[in-house]
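Residue numbers (the working numbering): 42 to 300.
First comes the structure, then the notes that go with it.
Listed below in C-alpha cells is the structure:
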C-alpha cells in the first residue's frame with residue numbers, strides 16, 4: 042500500500058537541485074495540506090520558470106508557488122518588472138484569494154514593488170476581501186505613492202456584503218485628507234441601501250470644500266436611498282453648485298430618490 046503524506050509533518054524544503062522534482066509532484070501534494078517551503082535558490086528557480094513560454098514548466102512553477110502561498114507574493118512582485126510579468130503575477134496571486142490580497146496590501150509598503158502591488162491589487166481584489174476596507178482606508182491616508190490604487194480597490198470591493206463598514210466610511214467623511222473623503226463617499230454609494238445610515242454624513246459632505254468630494258457625496262446619496270428633508274434640500278442646493286459634475290450628480294440623485 043502506498044504510504045500517505047502526513048499533513049502534520051515538518052514543512053518540506055526544496056533546494057535548487059530538487060526543485061524540478063518538487064514541481065513535478067506539486068499537484069500530488071496539493072490535497073495533503075503539507076506545507077512546502079522553498080530555500081532561496083529554489084524559490085528563485087521557481088519564479089524564473091513562472092515567466093517562461095514553456096507551458097509545462099510555468100504550470101509546475103505556478104503550483105509550487107501556490108503551495109508556498111502568500112510568502113511567495115513579495116519575491117514574485119520584485120521580479121515582475123514588465124507588463125507581461127505583471128499579468129502573470131496577477132493571475133498567480135488571484136488564485137490565492139484573500140491571502141494573496143493581504144500579501145499585496147503588505148507589499149504596498151515596499152518601495153521596490155509598491156506600484157506593482159497597487160496595480161495588481163486593483164486587478165485581483167474582489168468583494169470577498171471586504172474586511173480589508175480599514176487597511177485600504179489607511180493606505181489612502183498614509184501612502185501617497187499608491188493611495189489611488191488603494192482608493193479604487195476600496196470602491197471596487199464595496200457592495201452590500203460590506204455593509205457593516207458603513208459607519209467607518211461615514212466617519213472618514215470628516216478626515217482631513219480630501220482623497221480619503223472622496224473614496225469614502227464613493228464607497229458608501231456602492232454599499233447601497235445598507236449604508237442608508239450614512240445619509241446625514243453624506244448630506245454634510247455636499248458642503249465639502251473639494252468639488253470631487255461633493256460630487257461623490259451627491260452621487261452616493263441617490264444610491265443609499267436617503268430621503269430625509271435635509272438630504273433633499275442639500276441636493277437641491279447642490280444643483281446650483283459651481284462645479285458641473287456636482288450639479289449633474291445632484292440632479293441624478295434627486296431623480297433616483299423621487300423614484
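All C-beta atoms, glycine included, are put in the ideal place defined by N, C-alpha and C.
Just so it is clear, the structure is predicted and the values come from calculations on it, not from any experiment.
C-beta atoms of residue i and residue j nearer than 9 angstroms
{"i": "residue 226", "j": "residue 203", "result": "no"}
{"i": "residue 196", "j": "residue 228", "result": "yes"}
{"i": "residue 129", "j": "residue 91", "result": "yes"}
{"i": "residue 182", "j": "residue 208", "result": "no"}
{"i": "residue 194", "j": "residue 214", "result": "no"}
{"i": "residue 88", "j": "residue 111", "result": "no"}
{"i": "residue 294", "j": "residue 262", "result": "yes"}
{"i": "residue 158", "j": "residue 146", "result": "yes"}
{"i": "residue 99", "j": "residue 139", "result": "no"}
Residue i burial status per 10 Å Cβ neighbour count (16 or more: buried)
{"i": "residue 93", "result": "exposed"}
{"i": "residue 281", "result": "exposed"}
{"i": "residue 150", "result": "exposed"}
{"i": "residue 269", "result": "exposed"}
{"i": "residue 267", "result": "buried"}
{"i": "residue 231", "result": "buried"}
{"i": "residue 287", "result": "buried"}
{"i": "residue 108", "result": "buried"}
{"i": "residue 201", "result": "exposed"}
{"i": "residue 97", "result": "exposed"}
{"i": "residue 103", "result": "buried"}
{"i": "residue 275", "result": "buried"}
{"i": "residue 95", "result": "exposed"}
{"i": "residue 248", "result": "exposed"}
{"i": "residue 290", "result": "buried"}
{"i": "residue 283", "result": "exposed"}
6 angstroms Cβ shell around residue i - same chain, five flanking residues per side excluded
{"i": "residue 271", "result": "244"}
{"i": "residue 1", "result": "The structure shown does not extend to residue 1, since the chain spans only 42 to 300, so no value can be given for it."}
{"i": "residue 206", "result": "174"}
{"i": "residue 121", "result": "127, 130 and 157"}
{"i": "residue 66", "result": "Here residue 66 scores only 43 on pLDDT, less than 50, and its place in the model should not be relied on; the value that follows carries that caveat. Nothing listed; no residue qualifies."}
Residues near residue i in its chain [Cβ-Cβ closer than 7 angstroms; skip 5 each side]
{"i": "residue 285", "result": "none"}
{"i": "residue 119", "result": "153 and 154"}
{"i": "residue 116", "result": "84 and 88"}
{"i": "residue 167", "result": "198"}
{"i": "residue 188", "result": "180, 181 and 220"}
{"i": "residue 21", "result": "A query on residue 21 cannot be resolved here, the shown segment of the chain reaching from 42 to 300 and no further."}
{"i": "residue 235", "result": "201, 204 and 207"}
{"i": "residue 292", "result": "280"}
{"i": "residue 237", "result": "265, 266 and 267"}
Cβ-based neighbour list, residue i, same chain, cut-off 8 angstroms, excluding 5 preceding and 5 following
{"i": "residue 184", "result": "149, 150, 155 and 191"}
{"i": "residue 135", "result": "141, 164 and 165"}
{"i": "residue 273", "result": "295 and 298"}
{"i": "residue 106", "result": "87, 88, 91, 113, 117 and 133"}
_With three or more beta-carbon pairs closer than 8 angstroms as the criterion, would you say the segment 221-238 touches the segment 253-261?_
Between the segment 221-238 and the segment 253-261 there are three or more inter-stretch CB-CB distances shorter than 8 angstroms, so the stretches are counted as touching.
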